[in-house]
Amino acid sequence: FHKLNSVPSKIIMVRFAPLIALALATTSVTAFITPARRHANVVRMTAQNEAQDRRSFGIAALSTLAAGAFAPVASAKPGEGAKFSLFGLLGNADSYSEGGAYNSDQSKPAYSAYGPFSPITDDSLANDNTEADKKAQTAIVLESEKRLKTDVTVINGQKYSKPISESIAKKQWGEVITQLDRYLYNLRRAMNKLSKTPESKAAAVTFYKAIETLNGACTTKDQAAASAAYAASLAAFDAWKVTVGL
Numbered sequence: 006f007h008k009l010n011s012v013p014s015k016i017i018m019v020r021f022a023p024l025i026a027l028a029l030a031t032t033s034v035t036a037f038i039t040p041a042r043r044h045a046n047v048v049r050m051t052a053q054n055e056a057q058d059r060r061s062f063g064i065a066a067l068s069t070l071a072a073g074a075f076a077p078v079a080s081a082k083p084g085e086g087a088k089f090s091l092f093g094l095l096g097n098a099d100s101y102s103e104g105g106a107y108n109s110d111q112s113k114p115a116y117s118a119y120g121p122f123s124p125i126t127d128d129s130l131a132n133d134n135t136e137a138d139k140k141a142q143t144a145i146v147l148e149s150e151k152r153l154k155t156d157v158t159v160i161n162g163q164k165y166s167k168p169i170s171e172s173i174a175k176k177q178w179g180e181v182i183t184q185l186d187r188y189l190y191n192l193r194r195a196m197n198k199l200s201k202t203p204e205s206k207a208a209a210v211t212f213y214k215a216i217e218t219l220n221g222a223c224t225t226k227d228q229a230a231a232s233a234a235y236a237a238s239l240a241a242f243d244a245w246k247v248t249v250g251l
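Residue numbers (the working numbering): 6 to 251.
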């Protein structure tokens with residue numbers, strides 16, 4: 006009974022074997038063909054994107070060149086744009102390039118290749134301020150002299166400062182150092198401005214050293230050294246005034 010029933014099954018398997026083989030073969034071929042088609046599509050899309058990027062870049066470059074070509078024309082008209090000069094070589098040549106091209110676009114030689122300003126000459130506008138500057142520096146020197154020597158500021162009967170000699174005698178070192186650091190700090194700059202000769206410059210340096218010695222003596226609280234340095238600074242200051250005609 007079992008043998009009789011198994012025969013039809015074998016016949017069915019033999020009859021449908023070609024169809025099964027064909028289906029398996031088709032599936033295998035499709036597995037190899039599909040990635041190739043996908044790869045081709047990816048390559049095609051990549052090429053299209055690259056072409057589009059090149060096209061966009063070309064359009065942007067042409068737009069930039071066109072804008073640069075028309076910019077000088079537009080800026081040459083009043084109210085339509087600021088004038089400019091690119092290193093004195095491109096753009097509006099009448100405009101300063103602020104030191105560009107090593108000042109090749111300026112009518113006068115510059116003091117430095119890195120700045121637009123010319124050196125001071127007899128025709129310079131800066132000469133008009135020379136006398137005013139001298140007066141201002143002289144005023145600083147005279148005010149500093151009062152503070153250095155015996156200046157005492159009195160407001161409503163109350164003292165707001167005292168002579169340096171009095172502070173040294175009372176060993177009030179903070180008072181001396183504060184006075185030296187306060188207004189007298191401007192004295193060095195004023196003396197440098199007014200010292201024009203080698204003699205006056207040397208006399209100014211002598212005074213500076215005496216003041217530095219005085220400041221150091223007050224810092225170390227050495228009364229004898231502070232008194233000597235203070236006397237030396239007064240003598241050096243008076244000697245410097247003679248060299249500058251004050």
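Positions of the beta carbon are idealized from the N, C-alpha and C atoms, including for glycine.
Shown here, P203 sits in a helix according to DSSP, grouped into three states. Inclusion of Q142 and K201 in the CB contact set at 7 Å is not warranted, their separation being larger than that value. Sequence-distant partners of L185 (beyond 5 residues in either direction) whose C-beta falls short of 6 Å from its own C-beta, in its chain, are N220. In the three-state reduction of the DSSP assignment, D128 falls in the coil class. The segment 208-224 makes contact with the segment 235-248; the number of CB pairs closer than 8 Å reaches 3 or more. Counting along the chain, the unbroken alpha helix (DSSP H) around T143 starts and ends at 135-153. In the three-state scheme derived from DSSP, where H, G and I count as helix and E and B as strand, S172 is classed as helix.
Apart from sequence neighbours up to five positions away, the residues of its chain that approach T218 with a beta-carbon distance below 6 Å are A234, ordered along the chain. When rounded, the separation of the alpha-carbon atoms in T225 and Y190 is 20 Å.
Within the same chain, Cβ atoms closer than 6 Å to the Cβ of T248 are found at E204, S205, A208, the five residues on either side in sequence being excluded. Distance check between L192 and each of D227, T155, L147, S129 places L147 closest, using alpha-carbon atoms only.
Closest in alpha carbon position to K139, among R60, M196, A230, is M196. Per DSSP, reduced to three states, the secondary structure at D58 is helical. Assignment of K198 by DSSP, reduced to helix, strand and coil, places it in the helix class. Collapsing the DSSP output to three states places F242 in a helix. Distance between W245 and T183, taken at the CA atoms: about 24 Å. Nearest to K154 by C-alpha distance, out of S61, D243, R59, is D243.
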